[in-house]
Every structure is written in C-alpha cells, then in structure tokens.
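Taking full-length UniProt numbering, the leading residue of the sequence shown gets 1, the next gets one more, and so forth.
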Amino acid sequence: MNTAGIFKTNSIQDVIEQTKDKVRKNPGSADLRANLFQLLSLKGDWTKAVDSLKLSAEMNSQAQPVAMLYVAAVNAEVDRQNVFKGNGRPSIFGDADEWMGYLITSIEEQDPAKSEELLDQAMELAPEVSGTITTRNGEEIKFEWLADGDSRLGPMLEFLNNGQYGWVPFNEIQSLRIIEPSGISDLIWSQAELVLSNGRSIVGMVPNRYPGDYANLEDSFNLGHRTEWQPLYENSESEFYKGVGQKTYMSDVGDHPILEIETIKFNPVQVQDSEEA
1 MNTAGIFKTN
11 SIQDVIEQTK
21 DKVRKNPGSA
31 DLRANLFQLL
41 SLKGDWTKAV
51 DSLKLSAEMN
61 SQAQPVAMLY
71 VAAVNAEVDR
81 QNVFKGNGRP
91 SIFGDADEWM
101 GYLITSIEEQ
111 DPAKSEELLD
121 QAMELAPEVS
131 GTITTRNGEE
141 IKFEWLADGD
151 SRLGPMLEFL
161 NNGQYGWVPF
171 NEIQSLRIIE
181 PSGISDLIWS
191 QAELVLSNGR
201 SIVGMVPNRY
211 PGDYANLEDS
221 FNLGHRTEWQ
231 PLYENSESEF
241 YKGVGQKTYM
251 SDVGDHPILE
261 IETIKFNPVQ
271 VQDSEEA
C-alpha cells in the first residue's frame with residue numbers, strides 16, 4: 001500500500017472502512033486483505049488483523065513466509081502489551097543483571113511509591129554506555145549515554161524475535177541496524193539486525209511505537225508522527241515518564257526518534273578494577 005499522502009486527507013479509520021468495502025467487492029484479493037492487516041494493526045485490532053493476514057496467505061502461498069513473520073510480530077506485541085500492564089515478563093536477551101530485575105518489578109508493582117523506588121534503584125545500578133548513532137540522513141551523533149525516553153525502559157532495547165518479546169540491555173549490544181521503513185507495517189515494527197557484545201547476530205524487529213490504547217489514540221500518535229511524555233503516575237512529583245506515540249531515545253546530546261535512526265553502535269563497557277587505589 002502506498003503510504004504517501006494516504007493519511008493526509010483520510011483518518012486511519014476512514015481508510016480501514018474504505019479497504020473493508022474493497023474487500024467485500026473483491027473478496028479474493030490477497031493484497032487487499034494484507035493491506036487491511038496493516039491498517040487494523042495501526043489501531044491495535046490484533047485479532048482481526050491476524051485473521052485478515054492469514055486469509056491473505058491462504059490466497060497467495062508465496063506470501064506465507066512474510067505472513068508468518070508478521071503473525072509472530074503480533075504475538076510478541078500482545079505479550080508486550082501485557083508486560084506493560086504488569087501481567088507478564090519480557091525475555092532477556094543477554095546476561096540478566098540485578099538492575100534489570102528492579103526495572104521489571106517496578107512495572108509489576110501496584111504501589112506508585114514502591115514502583116518509583118525500584119526505578120531509582122535500577123537507574124542507579126544500570127551502566128552507562130557510550131556510542132554513535134547514524135541517522136537516515138547520514139549524520140553521526142556521538143553520545144556518552146543513551147536511554148529510552150520512557151522511564152520504564154531506561155537503557156534497554158525492546159526486541160521481537162520469532163514471536164518472542166524481549167529486552168536487551170544496551171551494555172550487551174555491539175550494534176543495531178534498523179531497516180528503513182517502506183510500508184504501513186513498518187510504522188509499527190521495523191526489521192532489524194542486532195549484534196550482541198559476544199558477536200552473536202540476531203534478526204528480528206524493533207517496535208516503533210510505545211505500548212498504549214491504540215484504538216483510542218489520535219492518528220498522529222499511531223502513525224508515529226508525534227511523541228508525548230506523560231507522568232508515569234498521576235499526582236507524582238518524580239521525573240519518571242511514559243511515552244505515547246513514536247519511540248524516542250534520549251542521550252546527553254539530545255532526542256533521537258527511532259524512525260530517524262539507521263544504526264546504533266555501542267562502545268565496549270569498561271569493567272572497573274575491583275581494587276581501586
């Protein structure tokens with residue numbers, strides 16, 4: 001589906017209804033059903049989206065490998081939504097460390113004060129990792145530290161692999177290469193190649209939007225045109241925030257929207273000598 005200009009004069013819901021009407025008139029079109037999958041995914045209507053994609057794959061056997069890839073992405077996305085509701089835990093790609101446990105437990109904790117205390121502990125223990133971001137326009141940006149703008153994640157990468165939703169700490173990453181978005185589904189997830197610090201390469205996807213109630217969000221958030229920071233807890237005076245819209249990283253030199261990033265290369269973490277002078 002050509003995304004250029006399609007949402008300038010139409011809402012996501014309008015385009016969904018238009019596409020549904022086309023499907024009714026041409027029920028044997030695999031392409032239309034694949035398009036409908038992408039549109040329904042923008043609104044977080046996962047069940048109907050997967051149903052549409054599976055029907056598309058049945059009509060076009062050549063599209064089955066790609067369909068399986070995106071069914072797995074939806075499964076991981078559903079797990080992701082549950083994690084941020086405190087109803088599940090992410091897989092950890094790489095070595096688990098104490099601070100990661102604090103980060104995960106802070107999401108599960110129902111008491112805001114205790115949750116913020118756990119976040120404080122996690123951020124205090126999490127290692128700072130320097131490196132270089134290369135943007136889509138070729139700019140190289142060196143940073144001394146990098147973190148997700150969403151306080152619930154901190155220096156952690158969200159990664160989808162074979163239907164599994166996981167976290168990868170920045171200190172366990174050598175490099176991340178994000179494939180340039182070209183279609184509607186790429187506004188939701190970008191295909192990516194991750195190289196861990198041990199040299200292992202993993203191919204998967206990175207989510208481009210923060211988890212949320214997509215059905216009721218403004219289109220500008222769902223399309224990744226906008227990011228907004230909201231207090232993690234109401235009536236809290238802390239500096240912890242959750243993101244809405246396009247995922248954005250923060251560093252000592254500025255903000256870095258994920259859709260503008262081509263690669264991130266992390267420098268090896270220096271292990272401090274336990275015997276300090």
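The C-beta atom is built at its ideal place from N, Cα and C for all residues, glycine as well.
Less than 7 Å separating the beta-carbons of residue i and residue j?
{"i": "S175", "j": "V195", "result": "yes"}
{"i": "E172", "j": "S197", "result": "yes"}
{"i": "N222", "j": "L42", "result": "yes"}
{"i": "G86", "j": "E116", "result": "no"}
{"i": "A170", "j": "F266", "result": "For the record, residue 170 in the displayed sequence is Phe; it is not Ala. Yes, these two residues count as a Cβ contact at 7 Å."}
{"i": "A113", "j": "M250", "result": "no"}
{"i": "L160", "j": "A76", "result": "yes"}
{"i": "Q164", "j": "S220", "result": "no"}
{"i": "G44", "j": "Y214", "result": "yes"}
{"i": "E260", "j": "T135", "result": "yes"}
{"i": "W46", "j": "V23", "result": "no"}
{"i": "G149", "j": "F93", "result": "no"}
Tell me the rounded alpha-carbon separation between residue i and residue j.
{"i": "A126", "j": "W99", "result": "6 Å"}
{"i": "F7", "j": "Q121", "result": "43 Å"}
{"i": "F84", "j": "L36", "result": "26 Å"}
{"i": "D31", "j": "G138", "result": "34 Å"}
{"i": "Q270", "j": "I184", "result": "40 Å"}
{"i": "residue 285", "j": "N162", "result": "Residue coverage of the chain in this structure runs from 1 to 277, which leaves residue 285 outside it and unanswerable."}
{"i": "D95", "j": "V168", "result": "9 Å"}
{"i": "G131", "j": "E262", "result": "14 Å"}
{"i": "G28", "j": "N60", "result": "10 Å"}
{"i": "H225", "j": "A57", "result": "30 Å"}
{"i": "Q67", "j": "S190", "result": "Going by the sequence as given, residue 67 is Ala instead of Gln. Near 15 Å, if we compare the C-alpha coordinates of S190 and A67."}
{"i": "F143", "j": "N235", "result": "33 Å"}
{"i": "E180", "j": "S238", "result": "36 Å"}
{"i": "I16", "j": "L40", "result": "7 Å"}
{"i": "P268", "j": "V203", "result": "21 Å"}
{"i": "E128", "j": "I188", "result": "28 Å"}
{"i": "V253", "j": "I264", "result": "14 Å"}
{"i": "K48", "j": "D97", "result": "38 Å"}
{"i": "G5", "j": "A192", "result": "26 Å"}
{"i": "A72", "j": "Q62", "result": "17 Å"}
{"i": "T19", "j": "G199", "result": "44 Å"}
{"i": "L55", "j": "E218", "result": "29 Å"}
{"i": "V50", "j": "P65", "result": "14 Å"}
{"i": "I258", "j": "T227", "result": "11 Å"}
{"i": "E124", "j": "M205", "result": "29 Å"}
{"i": "E158", "j": "E140", "result": "23 Å"}
Taking DSSP as the reference, what is the three-state secondary structure of residue i?
{"i": "G5", "result": "coil"}
{"i": "I12", "result": "helix"}
{"i": "V269", "result": "coil"}
{"i": "P112", "result": "helix"}
{"i": "R33", "result": "helix"}
{"i": "L119", "result": "helix"}
{"i": "S238", "result": "coil"}
{"i": "G243", "result": "strand"}
{"i": "V206", "result": "strand"}
{"i": "I184", "result": "helix"}
{"i": "R177", "result": "strand"}
{"i": "S274", "result": "Because S274 carries a pLDDT of 42, less than 50, the predicted location of this residue cannot be relied on, and the following value inherits that uncertainty. Residue state, collapsed to three classes: coil."}
{"i": "K48", "result": "helix"}
{"i": "L217", "result": "coil"}
{"i": "Q18", "result": "helix"}
{"i": "F93", "result": "coil"}
{"i": "E140", "result": "strand"}
{"i": "S197", "result": "coil"}
Would you list the residues sitting across from residue i in a DSSP beta bridge?
{"i": "T135", "result": "I261"}
{"i": "Y249", "result": "D148 and H256"}
{"i": "Q164", "result": "N161"}
{"i": "P169", "result": "M156"}
{"i": "S190", "result": "V206"}
{"i": "I104", "result": "In the DSSP output, where bridge partners are listed per residue, I104 has none listed."}
{"i": "P231", "result": "Y241"}
Compare the C-beta of residue i with all C-beta atoms of chain C and state if any pair is closer than 7 Å.
{"i": "E108", "result": "Judged by its chain identifiers, the structure shown contains no chain C, having just a single protein chain."}
Quiz item: Can you find at least 3 beta carbon pairs, one from the stretch 103–111 and one from the stretch 147–154, that sit closer than 8 Å?
Solution: yes
Quiz prompt | Cβ contact check for the stretch 234–248 and the stretch 207–222: 3 or more pairs under 8 Å | solution = yes
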